[in-house]
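If you number the sequence shown the way this note's numbering does, the last residue is 302 and the count never jumps. The C-beta atom is built at its ideal place from N, Cα and C for all residues, glycine as well. All of these numbers come straight from a predicted model, not from anything done at the bench.
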Amino acid sequence: MGKDQTVLFHSTVFGPIHSRRLGTSLGINLLPDDGKVCTFDCVYCEAGYNSQGTGTTGLPTTQRVRLDLEKKLREMKEKGENLDVITFSGNGEPTLHPQFAEVVGIVNELRDKYFPQAKTSVLTNSTRIFDPKVAAALRLVDNNILKLDSAIDPTMRLIDNPVSADFTVERLVEALKQFSGEGIIQTMFLRGEHNGRHIDNTTDQEIEALIAAYREINPKEVMIYSLDRSTPEERLEKVEKPELERIADRIRAAGIKVK
Numbered sequence: 044m045g046k047d048q049t050v051l052f053h054s055t056v057f058g059p060i061h062s063r064r065l066g067t068s069l070g071i072n073l074l075p076d077d078g079k080v081c082t083f084d085c086v087y088c089e090a091g092y093n094s095q096g097t098g099t100t101g102l103p104t105t106q107r108v109r110l111d112l113e114k115k116l117r118e119m120k121e122k123g124e125n126l127d128v129i130t131f132s133g134n135g136e137p138t139l140h141p142q143f144a145e146v147v148g149i150v151n152e153l154r155d156k157y158f159p160q161a162k163t164s165v166l167t168n169s170t171r172i173f174d175p176k177v178a179a180a181l182r183l184v185d186n187n188i189l190k191l192d193s194a195i196d197p198t199m200r201l202i203d204n205p206v207s208a209d210f211t212v213e214r215l216v217e218a219l220k221q222f223s224g225e226g227i228i229q230t231m232f233l234r235g236e237h238n239g240r241h242i243d244n245t246t247d248q249e250i251e252a253l254i255a256a257y258r259e260i261n262p263k264e265v266m267i268y269s270l271d272r273s274t275p276e277e278r279l280e281k282v283e284k285p286e287l288e289r290i291a292d293r294i295r296a297a298g299i300k301v302k
């Protein structure tokens, strides 16, 4: 049984926070600041399940993003603070914002003005990469980080709970090939139970299927990680670092860079 968890970001620009993989990161939330909007309903999402609702504030305008981000970047610059990356994440799937491509342009422009050495990143669940406009916008960020939690359909559905019944691993892998050599694949490893069904994407079969998918996609690199924060599903187990390193070594042995 899950718990009523709603760890939401209550602003358009948040942080900076320290990211395990990206460094000092300033976040951009393109979703409501009092609800969640996502095309997945992941059992491990720190923002909670979609059932909490989409809130009342709606999506921020491009002007709101520009004003809030410029104010924060100016403050950080004046204080002599460091910034490694500006990351689109927040309360759901950032590419759902109808002006996502325009916002990427705004963020790149302000990054160049205040912190030109910083990178831009998008954490996306990969459900919107079938839209050519979204795919083109993702190519304009430095770190296009695309989710692939399992290369076996039933496991993917159990972990990620895609809203669309048409979303399949086969279609996803085929679409991810468009970012060959430039995209970064991110995989969450975990074990546990959900709705009475066992979850485990660390088995030999799962890892072999992922390696085959990684080879087909040909990403710039693969990021693997496990649980680090509270999750809405209570019966989940973190995969500890020594085991993650063993999985990483298997992926590296296939000639794929792992971070």
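Straight-line gap, residue i to residue j (C-alpha atoms, nearest Å)
{"i": "Ile329", "j": "Lys79", "result": "Limits of the chain in this structure are 44 at one end and 302 at the other, which puts residue 329 out of reach."}
{"i": "Thr100", "j": "Pro197", "result": "35 Å"}
{"i": "Val265", "j": "Gly98", "result": "34 Å"}
{"i": "Asn168", "j": "Ala218", "result": "12 Å"}
{"i": "Val282", "j": "Ile129", "result": "28 Å"}
{"i": "Gly45", "j": "Glu277", "result": "Interpretation of Gly45 is limited by its pLDDT of 49, a score under 50 that renders its predicted location unreliable; no figure is taken from the coordinates."}
{"i": "Ile188", "j": "Ile228", "result": "6 Å"}
{"i": "Asn204", "j": "Gly123", "result": "43 Å"}
{"i": "Thr55", "j": "Pro262", "result": "30 Å"}
{"i": "Arg117", "j": "Gly70", "result": "15 Å"}
{"i": "Arg63", "j": "Ser269", "result": "11 Å"}
{"i": "Arg272", "j": "Ala90", "result": "10 Å"}
{"i": "Pro175", "j": "Phe222", "result": "12 Å"}
Endpoints, beta strand (DSSP E) assigned at residue i
{"i": "Glu280", "result": "279-281"}
{"i": "Asp243", "result": "240-243"}
{"i": "Val56", "result": "56-62"}
{"i": "Leu69", "result": "66-72"}
{"i": "Glu236", "result": "233-237"}
Span of the alpha helix (DSSP H), counted from its first residue to its last, around residue i
{"i": "Arg293", "result": "284-296"}
{"i": "Arg272", "result": "Unbroken run through Arg272: none, as it is neither H nor E."}
{"i": "Leu215", "result": "212-219"}
{"i": "Ile299", "result": "It is not in any alpha helix (DSSP H) - Ile299 carries neither H nor E in the DSSP assignment."}
{"i": "Glu251", "result": "247-260"}
Cβ distance (whole Å) where residue i is taken to contact residue j below 8 Å
{"i": "Met199", "j": "Asp192", "result": "6 Å"}
{"i": "Thr245", "j": "Arg258", "result": "19 Å between Cβ atoms; not a contact."}
{"i": "Pro75", "j": "Ser68", "result": "Not really, about 21 Å apart at Cβ, beyond 8 Å."}
{"i": "Ala180", "j": "Ile172", "result": "Wrong, their Cβ atoms sit about 10 Å apart, outside the cutoff."}
{"i": "Leu73", "j": "Gly133", "result": "6 Å"}
CB contact below 8 Å: residue i versus chain D
{"i": "Ile188", "result": "Checking the listed chains, one finds no chain D in this structure; it contains a single protein chain."}
Inter-stretch contact (C-beta, 8 Å, three-pair minimum) for the stretch 181-190 and the stretch 147-163: Verdict: yes, contact present.
Kindly provide the ranges of any beta strand (DSSP E) runs that are 3 or more residues long and lie completely inside the stretch 78-133, ordered along the chain. The qualifying runs are 128-132.
To test your reading of the DSSP string, which unbroken alpha helix (DSSP H) runs of 4 or more residues are found completely within the stretch 143-198? 143-157, 175-181
Do the stretch 142-154 and the stretch 105-114 touch if we need at least three Cβ pairs shorter than 8 Å? yes
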